[in-house]
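Mapping of the sequence shown onto our numbering: position 89 corresponds to residue 373, and the numbering continues sequentially without gaps. One structure below.
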Amino acid sequence: MTEAWTPSDRQLERLRTRRRLDRRSSLVATTTTVVVVALLVLGLVSSPGWPRVRETFLSWPDARAAFPPIAEAFWLNVRMFLVAEPLILLVGMLVAVARGTTAAALFPVRALAVVYTDLFRGLPTLLVVFLVCFGLPALQLQGIPTSLFWLGVLALVLCYGAYVAEVFRSGIDSVHPSQVASAQALGLSHGQSLRFVVLPQAVRRVVPPLLNDFVSLQKDTALVASVGLVEALRQAQVYSSYNFDFTSYLVAGAFFVALTVPLARVTDWLARRSARRERAGAR
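Set out below in C-alpha cells:
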C-alpha cells in the first residue's frame, strides 16, 4: 500500500513565502489605491469651483427626478442594440466570406465587398446616420422603411458590419492552410471546408474583438439622438434644457456604463481563457 504524498519542508516553506508575498502585494496595492483615490477626491472637492460643480452636475433631487424618463428612454438604446447585433454578425460574416472567394465569376461580389468595407470604415458613423435617416426616405422608394428606429438600426448595421467583416476575415486568415488541405483530402468541397472546418475555428478566435465592437455599438446607439429619436442621451438633454442642470447627463452615462462594463469584463475573461488555451496547446 502506497503512502499518501506529503509536501516536503522545503515545499511548505516555499508555499508560506509565496502566501506572504501575495499578502504583501495585496496590501501595497490596496494602500496605494486608497491614497491615490483620496488625493483625487481631495483635489476635486478643494477646487474653487467645486460648489458650483456639485450643484450643477451632482444634484441628488435632479438625479432622482431624471431617472425614470431616462430609464424609459434607455430601453430604446437596448432595443436598437439587440436588433442590430445579430444583423451585424450576419452582414459581417457574409462580407468576410465574399472577400475570401477565389472564383473568377464571383469577382464582382468580391469587389463589392471590398468597396463596402473601405467605404463604411472610412465614413464617420454620425455621417452615415444622417445619410441613411434623411437620405433614404427622400428617395421615396417602395419598401424603404420610414421609421427612424429602423433607419437608425440600418445605419449602425452598415457601419459596424464593415468592422465586423474585417474581424471575421482576420479570423479566417488565421486558420492554417493545412486545415483546408486536410479537409479537402477527406473529400470535403471548398464550401464544406469553409463551413465545417475554417469558420468554427475562426469564430472562436475572434470572439473577444467582436465583443469589443459590440461595446462600442452600445455607446453609438446614442448617435440616433441627432435625428430626433428620444433615447437616453436625448432625454437627458431635454431634462437639462428644462431644468438648467446637467445631472441628467451623468444619469444617462451611468446607464451606458452599467451595460458596457459587464460586456468589457466578459471580453477580458474570454481573452484570458483563449490565451490559456493557446499556452496549453503550445506545450
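For glycine and all other residues, C-beta sits at the position ideal for the given N, C-alpha and C.
When burial is assigned at 16 or more other CB atoms within 10 Å of the CB, is residue i buried or exposed?
i: G327; result: exposed
i: M285; result: Its pLDDT being 49, under 50, M285 is placed unreliably by the model, and nothing is read from it.
i: R428; result: Residue identity differs from the one stated: residue 428 is Ile in this sequence, not Arg. Classification of I428: exposed, given that the 10 Å Cβ count is below 16.
i: Y523; result: buried
i: A449; result: buried
i: Q463; result: exposed
i: L440; result: buried
i: Q519; result: buried
i: A389; result: exposed
i: E339; result: exposed
i: A548; result: exposed
i: V320; result: exposed
i: P493; result: buried
i: V329; result: exposed
i: V312; result: exposed
i: V482; result: buried
i: E297; result: exposed
i: L299; result: exposed
i: V318; result: exposed
i: L425; result: exposed
i: V381; result: buried
i: A387; result: exposed
i: L374; result: exposed
i: A465; result: exposed
i: A422; result: exposed
i: L442; result: buried
i: A559; result: exposed
If we call anything under 7 Å between Cβ atoms a contact, is residue i one with residue j?
i: S343; j: T531; result: yes
i: V459; j: A486; result: yes
i: V491; j: L554; result: yes
i: V379; j: A397; result: yes
i: A506; j: L495; result: no
i: G571; j: G445; result: Nothing about residue 571 can be read from this structure; the chain reaches only from 285 to 567.
i: V413; j: M364; result: no
i: A347; j: V535; result: yes
i: S477; j: A469; result: no
i: Y447; j: D497; result: yes
i: T401; j: R394; result: no
i: R489; j: R383; result: no
For the alpha helix (DSSP H) containing residue i, name the first residue and the last one.
i: E369; result: 344-383
i: A387; result: Where A387 is concerned, there is no enclosing alpha helix (DSSP H), given that its DSSP letter is neither H nor E.
i: S292; result: Premise fails: S292 is in no alpha helix (DSSP H) and is neither H nor E.
i: V491; result: 483-504
i: S524; result: 516-527
i: V508; result: V508 -> no alpha helix (DSSP H), and no H or E assigned at all.
i: F341; result: 334-341
Are the C-beta atoms of residue i and some chain C residue less than 7 Å apart?
i: A395; result: No chain C is present in this structure, which holds just one protein chain.
Pick out the complete alpha helix (DSSP H) segments inside the region 300-332, 4 residues or longer, and give them in chain order.
For secondary structure counted as the alpha helix (DSSP H) over 4 or more consecutive residues, the region 300-332 holds no complete run.
Using 8 Å as the Cβ pair cut-off and three pairs as the minimum, do the region 365-373 and the region 495-513 touch?
Yes: at least three Cβ pairs fall under 8 Å.
Do the region 394-411 and the region 334-341 meet, that is, are 3 or more Cβ pairs less than 8 Å apart?
Counting C-beta pairs with one atom in each stretch, the region 394-411 and the region 334-341 have fewer than three that are closer than 8 Å, which means they do not touch.
Counting Cβ pairs, one atom from each stretch, are 3 or more of them under 8 Å apart for the region 411-429 and the region 509-526?
These segments touch.
May I have a chain-ordered list of the alpha helix (DSSP H) segments no shorter than 4 residues that lie completely inside the region 427-477?
Here the runs fully enclosed are 432-458, 461-469, 474-477.
Could you check whether the region 536-543 touches the region 352-367, counting it as contact only if at least three pairs of C-beta atoms, one from each stretch, sit closer than 8 Å?
Yes: at least three Cβ pairs fall under 8 Å.
Where are the alpha helix (DSSP H) runs, 4 residues long or more, that stay fully inside the region 395-423, in chain order?
The region 395-423 contains these whole alpha helix (DSSP H) runs: 409-414, 420-423.
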